[in-house]
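Structure, as structure tokens:
In my numbering, the protein residues as written are 1 to 744.
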């Protein structure tokens, strides 16, 4: 017989040493004889007693995911009951490096007025970084007083208003905050920042917008470092941020931006559409996987020296969970950051994977959009989007153990269209990563709210345990991944324009156009929300006119778009009743704006009958374009010909200005002008044109199922999308056409 040895570690569930010890630390001793569990009890005590207070730790991420692992989600109403948990409790010398591409909510409102990086995620993580020990030592507080301070800060930083506040006293009263509940020095510092919001004229416009008070406090701290003007230099940004962090009880450099240059996110979908804006990409439902994301900077990107120094010194580097394409990937696309992580060859590097599929991001995969999403798909997405790929970035991947989640909970999430990311361990190992499965979800959140989310305390302890056994992790296998081409060159806006400058330029343009005041406000809001609309898209527009229903001149035989561009007056005309329905008005305006780009390109439009032996077979739509020197049109002569060809208009051999198309009898037809407008609106938001969305559904067909005619249609429609991306919306940077081998 073969002898079988059995030791104390065999009492523990899971596979490897790290998984077993994490289970021991989180769940306690297993059942078993004292002779076996005694050693485990001693080991558990050693893990709990491990001192990690002096370890330099860097955590990358953005928004809720990062804030939660750092110190709990400080926006949650229950946070003040336990505000000093999470990684900061075990790793007080931790620095969070935060993504700066958020453009929604109060952050987006601030960006209308200031050339700032996104402040919302910085504010969120900053409050979660407040430490009990720092409050006690800096302000001489006891435990109860520290908790009371955290409660006041929670109300202050999370307060939101929609109406302009009358003054500091009214603002604090509405927030339910009494600064007397804070240490005098902290109250004085925050009071000074609150006063500056009403004294500093640079904030006059912002106070009329809906805001989160914490974002305004951070902006005020930054602008106290700027004597005049709006331009913020990197040093002023970091000084304002670190001084506010120190004031409220976080370590001065607890929170740092990944870049000090304003930037926005661009998402390139598998069908070729490129969308600008984190909010637009995260809220879109394109029905296609995101192929790549890009950060577009308003100027040459600047990485704070403090960020690079923190990465170089770090003993542990953690990539926090969060939105795949709007947190970690944008950070590592900042030039130099991924390489800085690789250059630190002594740090333990841990990727904490997401728990659930992010709807619209990771719910679709390239090889088969119908199958479930795995951790290996996550790795491939990182590899495809990070300069140089994933080698040298992750030593271990900390993954939620689905075996610990009740089946009823998983069923409930499935009914809500939420599906966990499945761990395929062997595939992940083949990619050069060590998956570590652990029970790191919050039992309290599950019990109280029926939700599954990371437990900050459990996650911190799991990271501590991995650190303890880092020298015993399995040696990573040679990665079976395509060679990462990467994009070492940053994408920079050609016009070096920040979001606030873009908005001011649009406002100046609209002030010179004819339209009612309410219409002007609505149009400016549309132009702001669609970052892909270019300033020169207004070049052929003289105004927007609302037309009474009784005098609406346009036949709706071919469409139900209640707007059109009138080349004679150069106005977009919209039926008056549409203005009362914001969604319909937005669609109508965007279609009209798209049509306006063709200007007065058409000299003659005519529909001629086509008959054979007296029987009508159909019609011929014939278009005669104006000579290049006489027309006002966004498209150059070559581009106009290219578009008409893509719209299936055939150029006459004897007259290069004449284009035609045959229409079968009784079949519908979308004229090239309206088709251009519909494509323009669809490209910006595919909800706006079900007609175009239906045509583009061909991209969802499997290649093997496409017959030759369909293949031709497939390539023509892809060419239309590329035309709009490059020519109409000006996304011509070569980076957007780079491809990476996606084979395993």
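We put the beta carbon where it would ideally sit given N, CA and C, even for glycine.
Next on the checklist: Going residue by residue through the stretch 514-601, where are the continuous beta strand (DSSP E) segments of at least 3 residues, counting only ones entirely within it?
Outcome noted: 543-547, 563-566, 571-575
Item to check | As assigned by DSSP and simplified to three states, the class of residue 212 | outcome: Under the three-state reduction of DSSP output, residue 212 falls in the strand class.
Next on the checklist: Quick check: residue 532 and residue 276, are their CB atoms within less than 9 Å of each other?
Outcome noted: In contact: residue 532 and residue 276 (Cβ atoms closer than 9 Å).
Item to check | Burial state of residue 731 (16 or more Cβ within 10 Å) | outcome: buried
Checklist entry - Cα separation between residue 742 and residue 633? => result Per-residue confidence for residue 742 stands at a pLDDT of 44, beneath the threshold of 50, marking its modelled position as unreliable; the derived number appears in the next sentence. Each residue's alpha carbon lies about 40 Å from the other.
Checklist entry - What's the call for residue 113, buried or exposed, on a 16-neighbour Cβ count within 10 Å? => result buried
Next on the checklist: Does the structure place the stretch 88-96 close enough to the stretch 67-78 that three or more beta carbon pairs sit under 8 Å?
Outcome noted: yes
Next on the checklist: According to DSSP, is residue 8 part of a helix, a strand, or is it coil?
Outcome noted: helix
Item to check | Which listed residue (157, 378, 208) has its alpha carbon closest to that of residue 166 | outcome: 208
Next on the checklist: Spatial neighbours of residue 561 within its chain, please: C-beta separation below 8 Å, excluding the five flanking residues on both sides.
Outcome noted: 587, 588, 591, 674, 677, 678
Checklist entry - So which of 490, 32, 36, 41 has the shortest CA-CA distance to residue 24? => result 41
Checklist entry - DSSP on residue 238, reduced to helix/strand/coil? => result helix
Checklist entry - Cβ of residue 641 less than 9 Å from any chain B Cβ? => result Looking for chain B here will not work: only one protein chain is present.
Checklist entry - Any idea what DSSP makes of residue 65, helix, strand or coil? => result helix
Checklist entry - Would you report the Cα separation of residue 58 and residue 75, rounded to the nearest angstrom? => result 22 Å
Item to check | Where residue 261 falls, given that 16 or more other Cβ within 10 Å makes a residue buried | outcome: buried
Checklist entry - If you draw a straight line from the C-alpha of residue 608 to the C-alpha of residue 285, how long is it? => result 41 Å
Checklist entry - Looking at the structure shown, is residue 744 part of a helix, part of a strand, or coil, going by DSSP? => result With a pLDDT of 44 at residue 744, under the threshold of 50, the modelled position of this residue cannot be trusted, and the question is left open.
Checklist entry - Quick one: complete beta strand (DSSP E) runs, 3+ long, within the stretch 433-502? => result 434-438
Checklist entry - Where residue 423 and residue 211 are concerned, what is the direct C-alpha to C-alpha distance, given to the nearest angstrom? => result 40 Å
Next on the checklist: Could you compute how far the alpha carbon of residue 246 sits from the alpha carbon of residue 135?
Outcome noted: Taking the straight line from one Cα to the other gives about 10 Å.
Item to check | Buried versus exposed, by CB contacts within 10 Å (16 or more), residue 349 | outcome: It is buried - the Cβ of residue 349 has at least 16 other Cβ atoms within 10 Å.
Checklist entry - Roughly how far, in whole angstroms, is the beta-carbon of residue 257 from the beta-carbon of residue 98, given that I think they are within contact range, below 8 Å? => result 6 Å
Checklist entry - For the ligand GTP, any of its heavy atoms closer than 8 Å to the Cβ of residue 638? => result Looking at this structure, you won't find the ligand GTP or any other ligand, since it has none at all.
Item to check | Own chain residues within Cβ distance below 7 Å of residue 401, not counting five before or after | outcome: The residues are 437, 438, 439.
Next on the checklist: Just to confirm the assignment, what range does the alpha helix (DSSP H) spanning residue 643 have?
Outcome noted: 637-646
Item to check | residue 344 - DSSP class collapsed to helix/strand/coil | outcome: In the three-state reduction of the DSSP assignment, residue 344 falls in the coil class.
Checklist entry - By the 10 Å Cβ neighbour count, where 16 or more other Cβ atoms means buried, how is residue 583 classified, buried or exposed? => result exposed
Checklist entry - If you check the beta carbons only, do residue 102 and residue 63 fall under 9 Å apart? => result yes
Next on the checklist: Judging by CA-CA distance, which residue of 238, 687, 581, 491 is the nearest neighbour of residue 287?
Outcome noted: 687
Checklist entry - Is it right to say residue 267 is buried, meaning 16 or more other beta carbons lie within 10 angstroms of its own, or is it exposed? => result buried
Checklist entry - Using DSSP with H/G/I as helix, E/B as strand and the rest coil, what is residue 655? => result Coil at residue 655, not helix or strand.
Checklist entry - Would you report the Cα separation of residue 703 and residue 714, rounded to the nearest angstrom? => result Low confidence applies to residue 703: its pLDDT is 48, below 50, so where it sits in the model is not reliable, and the reading given next is rough at best. Looking at the two C-alpha atoms, the distance is approximately 10 Å.
Checklist entry - Cβ of residue 421 within 9 Å of Cβ of residue 455? => result no
Item to check | Cβ separation of residue 729 and residue 534, assumed to be a contact under 8 Å, to the nearest whole Å | outcome: 7 Å
Checklist entry - Nearest-angstrom Cα distance between residue 448 and residue 406? => result 15 Å
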